[in-house]
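**Q**
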Amino acid sequence: MPGHELSGVVAELGYGTTGLSVGQRVFGLAHWTQDGSLAEYTAVEARNLAPLPADVDHTAAAALPISGLTAWQALFDHGRLTAGQTVLVHGVAGGVGSIAVQLAREAGARVIGTGRAGDRGTAVGLGVDAFVDLQADRLEGVGEVDLVLDVIGGEVQERSAPLVRAGGTLVTIASPPEVRPRDGRAVFFVVEPDRARLADLVQRLRDGRLKPIVGEVRALAEAPAAFAPGRHARGKTIIRVMEGG
Ligand SMILES: NC(=O)c1ccc[n+]([C@@H]2O[C@H](COP(=O)([O-])OP(=O)(O)OC[C@H]3O[C@@H](n4cnc5c(N)ncnc54)[C@H](OP(=O)(O)O)[C@@H]3O)[C@@H](O)[C@H]2O)c1
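Per our numbering, residue 2 is the first one in the sequence shown, and the count goes up by one each step.
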């Protein structure tokens, strides 16, 4: 069964599980190589889940785990972003990019966002300081940046490496980098589960600092159509597997 992230209620505990209880609302990640969240019931390691406060609905929570943790780990764990620095975030209208913009702005960084022409309004709404249309504008025109967060790879990644100033970092989640900054680091990573950080991210969602972009909400039976190859949907697609869930 596909599906990497979820929000729901604990139905049963594995032997020896501590820190969670049956009936508790939780959200988090399925194991990367195991998948399985697009189902009524799924087995997930307790450490991959965090408690979900009663006032956060499952639709918003389900949009948060992978995009939220990936954005956080990219910017701060791997990218070491600090206040006053400039970060170039690619694909700002997407799951990871949209959250990265919001977290970077909150941290006091200057954010240059990229995307397609139609993403400009979304980018501005998220609070970017500048927007680059990757098809029409010159990426090289943005000047030097401390950090690049690449979610696209390929030619976009190649064109981004020279923009990193000395001592800066290119972080990519798309594929192991084939280029690196002249005098900086290039990092590829795969998102790690982190219960404490999930709790921290959901608190941001509660107090309005963070808004994942939720696109379509579909029933489980519609999941194959929702994720059909070549189909394009804006924002995170949420599959509601149980009525009232
Ligand atoms: N390594 C990890 O741990 C990790 C974690 C999470 C995600 N990922 C990977 O990272 C990538 C991004 O994830 P996501 O959830 O943010 O995906 P997403 O929601 O599809 O966002 C990607 C964004 O980039 C835009 N984009 C892609 N190619 C573009 C191009 N050539 N020019 C301009 N804009 C372009 C997309 O626009 P359109 O929708 O219009 O194409 C979209 O807005 C995916 O490949 C995903 O599998 C890796």
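For every residue, glycine included, the Cβ atom is placed at its ideal position computed from N, Cα and C.
Would you check if the distance between the CB atom of Glu-145 and the CB atom of Arg-166 is smaller than 8 Å?
**A** yes
**Q** Could you give the uninterrupted runs of the beta strand (DSSP E) lying entirely in the stretch 159–207, keeping only those of 3 residues or more?
**A** 165–173 and 186–189
**Q** Within the continuous alpha helix (DSSP H) that includes Glu-107, where are the two ends?
**A** 96–107
**Q** Give me the residue from Gly-69, Ala-110 and Ile-100 with the minimum Cα distance to Gly-85.
**A** Selected option, being the one with the closest Cα: Ala-110.
**Q** Should Ile-113 be counted as a contact of ligand 1 given a C-beta to heavy atom distance under 7 Å?
**A** no
**Q** Going by DSSP in three states, Ser-8 sits in which element: helix, strand or coil?
**A** Three-state result, Ser-8: strand.
**Q** Quick check: what's the CA-CA separation for Leu-50 versus Thr-83?
**A** 28 Å
**Q** Relative to the C-alpha of Gly-154, which candidate in Ala-227, His-91, Arg-196 and Ala-62 has its C-alpha closest?
**A** Measuring from the Cα of Gly-154, the nearest candidate turns out to be His-91.
**Q** Please say whether Pro-52 and Arg-81 have beta carbons closer to each other than 8 Å?
**A** Against a cut-off of 8 Å, the Cβ pair of Pro-52 and Arg-81 comes out as no contact.
**Q** May I ask which residues mark the beginning and end of the beta strand (DSSP E) holding Val-27?
**A** 26–30
**Q** Considering only residues of the same chain and omitting the five flanking positions on each side of Ala-47, which have a CB-CB separation below 7 Å?
**A** The beta carbon of Ala-47 sits closer than 7 Å to those of Thr-18, Gly-20 and Leu-21, all from its chain and outside the five residues before and after it, given in chain order.
**Q** Taking 8 Å as the cut-off, decide whether the C-beta atoms of Arg-106 and Val-112 are in contact.
**A** Their beta carbons are under 8 Å apart, which means Arg-106 touches Val-112 by this criterion.
**Q** Once DSSP output is grouped into helix, strand and coil, what is the label at Asp-56?
**A** coil
**Q** Counting along the chain, where does the beta strand (DSSP E) carrying Val-247 start and finish?
**A** Past the edges of the chain, shown from 2 to 246, lies residue 247, and the structure says nothing about it.
**Q** Starting from Val-133, follow the beta strand (DSSP E) in both directions and report where the run begins and ends.
**A** 131–134
**Q** If you check the beta carbons only, do Glu-76 and Pro-213 fall under 8 Å apart?
**A** It should be noted that the sequence gives Leu, not Glu, for residue 76. Result no, Cβ atoms of Leu-76 and Pro-213 do not sit closer than 8 Å.
**Q** Would you identify the three-state DSSP class for Ile-214, choosing helix, strand or coil?
**A** DSSP places Ile-214 in coil when its eight states are reduced to three.
**Q** Here's the rule: buried if 16 or more other CB atoms are within 10 angstroms of the residue's CB, otherwise exposed. What is Ser-176?
**A** Counting the other Cβ atoms within 10 Å of the Cβ of Ser-176 gives fewer than 16, which makes it exposed.
**Q** For Val-57, which option in Val-10, Gly-126, Glu-41 and Phe-190 has the closest C-alpha, if you only look at C-alpha atoms?
**A** Val-10
**Q** Which of helix, strand or coil does DSSP assign to Gly-50?
**A** Residue identity check: residue 50 is Leu in the sequence provided, not Gly. Looking at Leu-50 - three-state DSSP - the assignment turns out to be strand.
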